[in-house]
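These protein sequence lines are chains A and B, in that order.
First residue of the first sequence? That's 1 in the numbering used here, and the numbers climb one at a time after it.
First residue of the second sequence? That's 1 in the numbering used here, and the numbers climb one at a time after it.
This report refers to the structure that appears directly beneath it.
2 protein chains.
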Amino acid sequence: MVNFEGKDEYPKKYFFGSSCAGLKKNANDVLLIYSEEPANFSCVFTKNSFPAAPIIVSKRVMDSSNKVSGIVVNAGCANAATGNAGIKDAEEMIKAAMEATQSKTPFLVASTGVIGIRLPVEKVKKAIKKAPSSFSIAGEEAAKVIMTTDSFPKYCITKYSDYSIFGISKGAGMISPKMATTLTFIVTDAAATNEFLRKSLKKAVEKTYNRISVDGDMSTNDCIFLLANGASGTELTGEKAERFQRSLENSLMRLALMVIKDGEGATKIIRIIAKGFYRSDDARAVARAIGDSLLVKTAIHGEDVNWGRVLAAAGKTCLPFDVEKVAILFGDTKVFKGEVQRYDESSVKKYLKGNEVVITFDAGQGKEKFEYITCDLSEEYVKINASYRS
Amino acid sequence: MVNFEGKDEYPKKYFFGSSCAGLKKNANDVLLIYSEEPANFSCVFTKNSFPAAPIIVSKRVMDSSNKVSGIVVNAGCANAATGNAGIKDAEEMIKAAMEATQSKTPFLVASTGVIGIRLPVEKVKKAIKKAPSSFSIAGEEAAKVIMTTDSFPKYCITKYSDYSIFGISKGAGMISPKMATTLTFIVTDAAATNEFLRKSLKKAVEKTYNRISVDGDMSTNDCIFLLANGASGTELTGEKAERFQRSLENSLMRLALMVIKDGEGATKIIRIIAKGFYRSDDARAVARAIGDSLLVKTAIHGEDVNWGRVLAAAGKTCLPFDVEKVAILFGDTKVFKGEVQRYDESSVKKYLKGNEVVITFDAGQGKEKFEYITCDLSEEYVKINASYRS
């Protein structure tokens, strides 16, 4: 049994194993993340009215247990809209993970894939039991196991002298804020209380995953799990707590950007900065209205300096503005301030050819702002989603 | 000067004329709707935070005048985000229309086309003055003048023995409820007070244009104008008022369906029926969440029986449901009731090949329902909007 302790950039006493239950074609689809020392943890779950069975079961784990032995995940079947039978299947996955690792504390469970199909639970259990035999896989391989329409594995690692943080994520469509979005798992060998982890994760998600969108759709299975097993002996207090917070936010943002970059059919990242508002809620509403506008997303895809659509989309909020004070910038170029500005269209067109576009909407009122990150909308998005059964 | 009185299906004493100001390529782009007898009227305007100049000016007409002589419209330039200069241009259009028809009462004004470009107002005025020389054009030709990305003209006529209703509409993208959506003009030779017309139009729009969506985007220029010049001598009171209401709703629904049918890149109409709710607002929220979901719209485009996306989209509302009671139907086939149902996938797939798809979401709680009409999302939508400057 080889673990990550040999590769000193990984958090201590975590083991990643994978195997194949036949849910994905010719690829491993079951991932077992095991912490040799039961870990403190916190979770953020989707707010969807119809949470999938693993979400329901992981919530129960959170309510009934102070520690977990790790996370058991499958890709290829969401185990969503599967009724009580599905809940039993998710519980069986936890049981199999505990047996496979001879753990007494439970696991968190997550699934991703097609909605409305029962898990072939016997096959999945068999695969879970086989997973520990591959406890040597690297982070990249772990990230690959949870991929569905993703085109590349998403993982990141941060190593300090006294502890490390490692995270994986998946997602390319059905991504929108108002909850966790995507499956994301973060493990650290720092030591922290559940209360600390809960506050820390909530704050970090608010600043990262809750600000991204691919298509404005929300999944039944989204969750972010954070585990801290304390194996490094480093307690997260004082300055160390602050450094951890920055580092967690940084890790989540790196993963979130990978998700956007891998947005189905996306060719460009679009950053919407709504600023100059009296109320931050208004800044958020305007940034989202612009970032979720199909007309804005297609215009940017077409590399068109179409600030008129940005203005119209912001106006969808029906908020009151003093139009004379409103400015719109594409990159550094002011294209609108109360009315159209003189600008060099060819240089802005050239700017739009880049793979990251910043659109700033300045209400010209107060000091509140909100940044929202999305991607363009291409024919390819439609092609993928007209054929893939999610 | 030929008018519609010769063609007895049209409302009496209305004249439609068109001409070319060079805003569209090789097509007439200015439309003058003239009522020989000043007409009572009512309007519904976009709620967008950045209303275009013609919206601002038409609101002023509504506030300052009890009657109008008609409607003056241009296509090809939205006269939006054009500041005070744009407002002056819209006022000039009204002045030109009044001069061209020697009217003492004002006109309503509307524009559609690209945002953020000044009107070439001298050319537009010249075209308006020429319009009366073509006062013989038929309804279809009038509807053609206001087309932008529309692929066919949208008009409808209802003839009773005692009066008629005639309407035209335009729109294919940037269509979403919460306001009027599209330019739509309805004229009748029945007689009614402004108060009656206001209530009647508001109610009819709520049941028709406020229930359709192509892409969830809201325009700066949307408006619906209703004119009643009383030339038929028929007063809309008692039963006649009720018949008029039904007829107005019917006309608006016919026009609204034409807009959806012409939705950019659309290949299918999708009717979302959300029923079984305690609160009608919840039914509306769920119908819209499903109908606005890109994943649902692309799945229907791909003719995929993907009820999982319907469930996930409904769940985006974060409303509480008793999932055991929730049912989803594609056409008449129940595909979900608490969990997936046994159904003949091939027959549902065949159903989805049709050009109209009905998706029913039954919350299984109360008696409130809401119907929402949209279209599928195709690669063609993206292609159109990545290249067309709206």
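Built from N, CA and C at the ideal position, the CB exists for glycine as well.
Computed from a predicted model, the values in this text were never measured in an experiment.
>> Please report whether the beta-carbon of Pro446 (chain B) lies at a distance below 8 Å from any beta-carbon of chain A.
In response: Residue 446 (chain B) falls outside the range modelled here, since chain B spans only 1 to 390, and no answer is possible.
> By DSSP, does Thr234 (chain A) sit in helix, in strand, or in coil?
Replying inline: coil
>> Between B:Lys12, B:Leu32, B:Glu9, which has its C-alpha nearest Glu99 (chain B)'s C-alpha?
In response: B:Leu32
>> Using a Cβ-Cβ distance cut-off of 8 Å, determine whether Ala138 (chain A) contacts chain B.
In response: no
> Taking the C-alpha atoms as reference points, what is the distance between Phe41 (chain A) and Lys325 (chain A)?
Replying inline: 47 Å
> Whole-angstrom Cβ separation of Thr234 (chain B) and Asp162 (chain B), contact assumed at under 8 Å?
Replying inline: 4 Å
> Comparing alpha-carbon positions, which option in B:Ile94, B:Glu36, B:Gly116, B:Ser49 lies nearest Gln341 (chain A)?
Replying inline: B:Gly116
> In the segment 256–343 of chain A, which residue ranges form an unbroken alpha helix (DSSP H) of at least 4 residues, counting only runs that do not cross its ends?
Replying inline: 280–291, 294–301, 307–315
> Going along the chain, which unbroken runs of the beta strand (DSSP E) with 3 or more residues stay wholly within the segment 27–100 of chain B?
Replying inline: 30–45, 68–77
>> Among B:Ala39, B:Asn26, B:Ala21, whose alpha-carbon lies nearest the alpha-carbon of Lys12 (chain B)?
In response: B:Ala39
>> Our contact map puts Val382 (chain B) next to His301 (chain A) with C-beta atoms below 8 Å; I'd like the distance itself, whole angstroms only.
In response: 7 Å
> Does DSSP put Gly17 (chain A) in a helix, in a strand, or in coil?
Replying inline: strand
> Can the beta-carbon of Ala80 (chain B) be found closer than 8 Å to that of Thr220 (chain B)?
Replying inline: yes
> Unbroken alpha helix (DSSP H) runs of length 4 or more, entirely within the segment 113–146 of chain B: which are they?
Replying inline: 121–130, 139–145
> So is Glu368 (chain A) in contact with chain D if we call contact Cβ pairs under 8 Å?
Replying inline: Absent from the structure: chain D. Protein chains present are A and B.
> Are there 16 or more other CB atoms within 10 angstroms of the CB of Ser18 (chain A), so buried, or fewer, so exposed?
Replying inline: buried
> So the alpha helix (DSSP H) Leu197 (chain A) belongs to, where does it begin and stop?
Replying inline: 194–207
> Name the DSSP bridge partner or partners of Asp384 (chain B)?
Replying inline: It should be pointed out that residue 384 (chain B) corresponds to Ile in this sequence rather than to Asp. Its beta-bridge partners do not exist; DSSP assigns none.
> Which term fits Phe277 (chain A), buried or exposed, when burial requires 16 or more other beta carbons within 10 angstroms of its beta carbon?
Replying inline: buried
> Where does Phe225 (chain B) land, buried or exposed, given buried means 16+ other C-beta within 10 angstroms?
Replying inline: buried
> So Ile168 (chain A) and Ala127 (chain A) are in contact, right, with Cβ under 8 Å, and what is the actual spacing, rounded?
Replying inline: That pair is no contact at about 18 Å.
> In whole angstroms, what is the alpha-carbon distance linking Ala53 (chain B) and Leu227 (chain B)?
Replying inline: 21 Å
> If we count the other Cβ atoms within 10 Å of its Cβ and call it buried at 16 or more, is Thr237 (chain B) buried or exposed?
Replying inline: exposed
>> Residues of chain B with CB closer than 8 Å to the CB of Asn385 (chain A), please, in chain order.
In response: Leu294, Leu295, Thr298, Ala299, Gly302
> Any residues in the segment 326–352 of chain B with a beta carbon nearer than 7 Å to a beta carbon of chain A? Which ones, in chain order?
Replying inline: Phe336, Gly338, Glu339, Val340
> Span of the beta strand (DSSP E) holding Lys349 (chain A)?
Replying inline: Unbroken run through Lys349 (chain A) is the alpha helix (DSSP H), 345–352; no beta strand (DSSP E).
>> By the three-class DSSP mapping on this structure, what secondary structure does Glu9 (chain B) have?
In response: coil
> Name the residues in the segment 111–145 of chain B whose C-beta lies less than 9 Å from a C-beta of chain A; which are they?
Replying inline: Val114, Ile115, Gly116, Ile117, Arg118
> Under three-state DSSP, which class holds Ser247 (chain B)?
Replying inline: helix
>> Run through chain A and tell me which residues come within less than 7 Å of Phe166 (chain B), C-beta to C-beta.
In response: Ordered by position in chain A, no residue passes the 7 Å Cβ test against Phe166 (chain B), which lies about 29 Å from the chain.
> Given a limit of 8 Å on CB to CB distance, which residues of the segment 263–291 of chain A reach chain B?
Replying inline: none
> Are there 16 or more other CB atoms within 10 angstroms of the CB of Asn355 (chain A), so buried, or fewer, so exposed?
Replying inline: exposed
>> Taking the straight line between their C-alpha atoms, what separation do you get for Ile157 (chain A) and Lys202 (chain B)?
In response: 58 Å
> Taking only beta-carbon atoms, is Ser378 (chain A) less than 8 Å away from chain B?
Replying inline: yes
> Which residues in the same chain as Arg284 (chain A) place their Cβ atom closer than 6 Å to its Cβ, once the five residues preceding and following it in sequence are excluded?
Replying inline: Phe370
> Taking the C-alpha atoms as reference points, what is the distance between Asn74 (chain A) and Thr184 (chain A)?
Replying inline: 13 Å
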